[in-house]
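Below is one structure, written out as structure tokens; comments come after it.
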Amino acid sequence: MNPALLRINLFAIIGFGLLVCLFGLMLFFFRTQIAPYLRYFLPLPPLGVAAYVFVFNLYGFFGGQMPANKMTLVKELLIGTGVMTLIFGLTTLLLVLFLEITRRFG
């Protein structure tokens with residue numbers, strides 16, 4: 005593996021771990037306020053992993069560097085977010101429909 009990408013990978017894992025720790029502490033200290041809305045927070049760990057993979061692949065695509073043009077970074081982020089939002093929405097809809105059909109006829 006390219007040493008620059010290995011370093012980026014290690015720092016991304018460390019940074020992701022710190023963010024998850026901070027988020028977990030926030031959830032712990034504000035648990036009474038968050039409890040009614042917990043179902044919205046449960047998808048965050050897999051989304052965090054998806055963000056880590058996206059960032060690692062972004063660095064890999066640009067040779068271990070940030071894109072020179074910041075608008076390229078914004079474009080990549082918006083395209084990635086848009087595509088994954090559509091996939092998440094469609095997957096959720098199909099899963100709900102599948103479960104509803106199996107509940108009715110199963």
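Per my numbering, residue 5 is the first one in the sequence shown, and the count goes up by one each step.
Positions of the beta carbon are idealized from the N, C-alpha and C atoms, including for glycine.
As the structure is a prediction and not an experimental result, all values here were calculated from the model.
So is residue i buried or exposed if we call it buried at 16+ other beta carbons inside 10 Å?
{"i": "Tyr63", "result": "buried"}
Note the first and the last residue of the continuous alpha helix (DSSP H) segment covering residue i.
{"i": "Gly68", "result": "Per DSSP, Gly68 belongs to no alpha helix (DSSP H) and is neither H nor E."}
{"i": "Phe34", "result": "That residue, Phe34, is in no alpha helix (DSSP H); it is neither H nor E in DSSP."}
{"i": "Gly84", "result": "74-109"}
{"i": "Leu42", "result": "42-45"}
Just confirm the distance between the C-beta atoms of residue i and residue j, as a whole number of angstroms; I'd bet it's less than 8 angstroms.
{"i": "Gly68", "j": "Asn6", "result": "6 angstroms"}
{"i": "Phe60", "j": "Gly84", "result": "Not confirmed; about 12 angstroms, so no contact."}
{"i": "Leu29", "j": "Phe45", "result": "The pair is not a contact, with the Cβ atoms about 13 angstroms apart (cut-off 8 angstroms)."}
Within a Cβ cutoff of 7 angstroms, which residues of the same chain sit near residue i, ignoring the five residues on either side of it in sequence?
{"i": "Tyr77", "result": "The sequence given here places Leu at residue 77; Tyr does not occur at that position. Contacts found: Met70, Pro71."}
Counting Cβ pairs closer than 8 angstroms, one from the region 41-57 and one from the region 15-29, do we hit at least three? yes
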